[in-house]
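> Residues in the sequence shown are numbered from 6 upward in steps of one, following the working numbering. Every residue gets a Cβ at the ideal spot worked out from N, C-alpha and C, and that includes glycine.
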Amino acid sequence: MYTHADALAKVRELEQTGQEAFAWVGLHEPDEHQMQDVADVFGLHPLAAEDAVVAHQRPKLERYDETLFLVLKTVKYVPHDSVVLARQIVETGQVMVFVGKDFVVTVRHGEHGGLADVRKRMEADPDHLRLGRTR
């Protein structure tokens with residue numbers, strides 16, 4: 006199991022050695038303490054970090070200094086055998102995304118797995134990740 010603490014330790018290690026890197030830290034329904042740890046490492050705005058802990062935010066795009074904060078609604082189809090209530094056919098959730106010059110932090114609320122596929126494709130093609138950091 007790979008935890009947020011493991012990811013943050015690796016980011017801190019890279020910072021101390023002066024290595025340039027692009028980091029993607031993904032959290033699923035973090036508590037306030039976990040989110041604060043991530044916010045401290047990446048310099049996330051306190052209000053945006055607070056929003057990321059609480060699901061049911063309105064969709065939005067905000068800029069805090071050099072960091073973009075995006076809130077997206079997600080929808081997942083639930084297979085069913087007969088006509089049922091709409092809330093039983095569709096599960097909703099949210100993805101909050103912080104984007105900085107050398108990092109992405111994603112915070113997921115609800116069950117959905119689309120980001121794992123994106124991450125695998127990016128890791129399989131390092132040239133895409135090299136585009137993330139410019140000097």
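Going by the beta-carbon positions, is the gap between Thr97 and Lys125 smaller than 9 Å?
Here residue 97 is taken as the residue at index 92 of the sequence shown, counted from 1. Here residue 125 is taken as the residue at index 120 of the sequence shown, counted from 1. The answer is no: Cβ separation not under 9 Å.
> Do Pro64 and Val76 come within 9 Å of each other at the CB atom, strictly closer than that value?
Position 71 of the sequence shown, counted from the start, is the residue given in the question as residue 76. Position 59 of the sequence shown, counted from the start, is the residue given in the question as residue 64. Cβ atoms of Val76 and Pro64: closer than 9 Å.
> Where does Gln99 fall in DSSP's three states?
Indexing the sequence shown from 1 puts residue 99 at position 94. Of the three classes helix, strand and coil, the one that applies to Gln99 here is strand, per DSSP.
> Would you kindly work out how many angstroms separate the C-alpha atoms of Ala10 and Val88, rounded to a whole number?
As a working mapping, residue 10 is identified with position 5 in the sequence shown. As a working mapping, residue 88 is identified with position 83 in the sequence shown. Roughly 44 Å between the two C-alpha positions.
> Helix, strand or coil for Leu49? Go by DSSP, reduced to three states.
As a position in the sequence shown, residue 49 is number 44, starting the count at 1. The answer is coil: DSSP assigns Leu49 none of H, G, I, E or B.
> Let me check understanding here. Comparing Cα to Cα, which of Lys106, Asp45 and Gln62 lies closest to Arg113?
On the sequence shown, residue 113 is found 108 positions in, with the first residue counted as 1. Of the candidates Lys106, Asp45 and Gln62, the one whose C-alpha sits nearest the C-alpha of Arg113 is Gln62.
> Among Glu55, Glu128, Asp130 and Asp86, which has the Cα closest to the Cα of Phe103?
Locating residue 103 in the sequence shown gives position 98, where the first residue counts as 1. Nearest of Glu55, Glu128, Asp130 and Asp86 to Phe103, Cα basis: Glu55.
> For my contact list, Met40 and Val58 are in at a C-beta cut-off of 8 Å; report their separation, rounded to the angstrom.
Residue 40 sits at position 35 when you count from the first residue of the sequence shown. Residue 58 sits at position 53 when you count from the first residue of the sequence shown. That belief holds up - the Cβ atoms of Met40 and Val58 are roughly 5 Å apart, short of 8 Å.
> What ranges does the beta strand (DSSP E) occupy inside the stretch 53–87, keeping only unbroken runs of at least 3 residues that lie completely in it?
Qualifying beta strand (DSSP E) stretches, in chain order: 65–69 and 72–82.
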